Every structure is written in structure tokens, then in C-alpha cells.
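Residue numbers (the numbering used here): 66 to 383. Since the structure comes first, as C-alpha cells, the remarks are kept for the end.
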């Protein structure tokens, strides 16, 4: 099943429709339990070397080591101009801090990183105590991590005049029943914990729960018949469209099929649904209610393209 979104941004963001599928260098996930490779792909638009560019960051993790891949292409998504790969092998502590330089259309771009104190959870992307900085024309055009002061001090460069825009995130995660990730749907708001739980075996009918920050927003019963669907929920009064396709969980060979979950902010007239706060709508979905999280009917929403989309590929392991 595929989902398509209209694109309403200007020419500098037309390539957001192709997302990371155009990036052939991204490693395919391995579904063998011992060699499962989790990946996190994020795409930014930033002003670099005089033009808008798409910068793709791919974090990878397997049983042996971590790695970081950085790719830069033009805003039309045509050709990859440069690739920078950083291996973070655990027995090579020196590799966790470094510097590399490459060219984008003849102009130098420098990459600085310091991951010596980086803290990781179960995924390949660090959560704190690190920085990765891209420098072009004496500007830090893209800065990842929370060690911002250290990054500016080391690069001896000024902050970018134009802030980069995160418009795409994709994750491959592996588990038996529960899949977790984190995402920030708006740069001005907090990051949310997202958990997908499922029960597809046993005497009871298959079920699935999708929660944010510990609150169950979507509960799907009879999942074997409702393996595809969508629902819109409000998170801190921000509408988020959630779509799922778990067909392969049921109809592919064990360990070979993944479930796809898409989380995408959409615009809405909040006044139209303010009187629905605390209510729930839609089919067999049982949602927890309250002032922060609740479901809303699609009829009250004005669907338009938003800046950011999260794609979660959930692989069931045996």
C-alpha cells in the first residue's frame, strides 16, 4: 500500500515528494535476528554553497558498530553531489571525534563531529551529548545534537542565517511486539515518545495499539481484517494523521515482512473541533481522551501538506 501527499512548498522543496527512496546508498535492513541493522534516515533542506540543498543523514547500527552517512544533493533531488561516511567502531575511540572535508559543486563543505560522550538508547541515533556540524562559507549550515556551544567553538563559524528545515524522517526498527521511536512534529514543540504495540498471536483476535507519551491514541481490533487504515489524532492540539499498513505481518514469511506507519502533521481550523475536545470518533478505534490527546473526525479537517513526515518501518523478529 502506498500513501501520497500533495506538495505545496516552493521550488526549493519540490524534492520532498521523493523522500529517501531516491537515495540508493541507504542500506537495506537485515531481518536476521543476529544481524539486524537498524537505521534512522533524516532529511533536511539547508542553504549551502549558494543554493538550497537536501542533506540526508543516515545513522546505522548493527552488532559490530555504528556508522553515519551524510549525503548532499540539490533541491530537485537529481544527483548526489557528495557522500561522507563516518565509522564509529567501538574499539576505535579516536573515530568518535573528527573532521572531514568534501566539495559541493566545487565549493568546500566541512564536517565536524564529536560523539565521544554521546548517549544512545536502543536505536542508532544518539539522543544527547554530541554534535555533528556541517560548515559552508564560514556558516554552520546544519547542526545536529545538543553540544551547540562546543560545535561553534570548534568550527569557529557563525550560525546560519537561514535555519535548516527537517521535512522527513524514516526508521527501521526490529522487535517482537513493541516498537518505539521519538519524533518532533514541530520544531517549536517538544519531542514525543511514540510506541506501537501489537498482539498478533494467541487465542484472542489480533489487536494493535498506537500511543504517544504513554497515552493510547489508536486501538485497532480485528487487525487481520483492518491491517490498513488511517486516523487523525490531536497531540497538544496539533492534528497528526496516522496511517498504517501491517499486511506483511500476516501474509509474508515470518521475519520477512514489515509494518509501515506514517505520522504526518496536517493543518486544521482548531475552532471547528474545539468543541470536540475529549471526544473520540472512528470505527473500532478506542482512544484515551483528555485535554492533550483525542481523536477528531476527518470531516472537520482541512488536509494540506505539512513540512514533516515520519515513516516507521517495523520488522517483526522471531
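Just so you know, even glycine gets a beta-carbon here, dropped at the ideal spot from N, CA and C. The model shown is predicted, which means the values in this text are computed figures rather than measured ones.
field: Residue environment, residue 206, which counts as buried when at least 16 other CB atoms sit within 10 Å
entry: With at least 16 other beta carbons inside 10 angstroms of its own, residue 206 counts as buried.
message: With H, G and I counted as helix, E and B as strand and the rest as coil, what does DSSP make of residue 251?
response: Coil.
query: Skipping 5 residues on each side, what residues in its chain have a beta carbon closer than 6 Å to that of residue 200?
result: Excluding sequence neighbours, residue 200 sits near 175, 220, 222.
message: Please list the terminal residues of the continuous alpha helix (DSSP H) segment that includes residue 314.
response: 312 to 316 is the span of the alpha helix (DSSP H), which, as asked, contains residue 314.
message: For a test of the three-state rule: what should DSSP assign to residue 165, helix, strand or coil?
response: If DSSP states are grouped into helix, strand and coil, residue 165 belongs with the strands.
message: I'd like to know whether the C-beta atoms of residue 225 and residue 112 end up nearer to each other than 8 Å.
response: It is a contact, given that the beta carbons lie within the stated cut-off.
- prompt: Roughly how many angstroms separate the alpha carbons of residue 117 and residue 110, rounded to a whole number?
  reply: As the crow flies, the alpha-carbon of residue 117 is around 7 Å from that of residue 110.
message: Within a Cβ cutoff of 8 Å, which residues of the same chain sit near residue 153, ignoring the five residues on either side of it in sequence?
response: Setting aside the 5 residues that flank it on each side, residue 153 is surrounded in the same chain by 130, 131, 132, 133, 160, 161, 180, each with a C-beta closer than 8 Å to its C-beta; the list follows chain order.
message: Given a cut-off of 8 Å on the beta-carbon distance, is the pair residue 330 and residue 258 in contact?
response: No; because the gap between Cβ atoms is not below 8 Å, this pair is not in contact.
- request: Measure how close the beta-carbons of residue 243 and residue 256 come, nearest whole angstrom, since I'm counting them as under 8 Å.
  value: Between residue 256 and residue 243 the Cβ distance is about 19 Å, and since that is not below 8 Å, they are no contact.
- request: Look at the Cβ atom of residue 260, then the Cβ atom of residue 282, and state whether they are nearer than 8 Å.
  value: No, they are not a contact pair.
field: Proximal residues to residue 182 (C-beta, below 6 Å), its chain only, five neighbours per side dropped
entry: Shown here for residue 182: same chain residues with a beta carbon closer than 6 Å to its own, the five before and five after excluded, namely 194 in chain order.
message: I need the boundaries of the alpha helix (DSSP H) containing residue 321, first residue and last residue.
response: It is not in any alpha helix (DSSP H) - residue 321 carries neither H nor E in the DSSP assignment.
- prompt: In three-state terms, what does DSSP make of residue 150?
  reply: Strand, per DSSP.
- prompt: Is DSSP giving residue 225 helix, strand or coil here?
  reply: Coil.
- prompt: Just the Cα atoms here: how many angstroms apart are residue 284 and residue 239?
  reply: For residue 284 and residue 239, the distance between alpha carbons rounds to 21 Å.
task: Going by CA-CA distance only, name the one from 202, 218, 229, 203 that's closest to residue 209.
output: Comparing Cα positions, the closest option is 229.
query: Beta-carbon separation of residue 276 and residue 327 under 8 Å?
result: Taking the C-beta atoms as reference points, residue 327 is found no nearer than 8 Å to residue 276.
message: Just to confirm my understanding: we take residue 198, look at its own chain, exclude 5 residues before and 5 after, and list those with CB closer than 6 Å. What are they?
response: Counting only Cβ-Cβ distances below 6 Å, and skipping sequence neighbours, we find 177, 205, 208, 216, 220.
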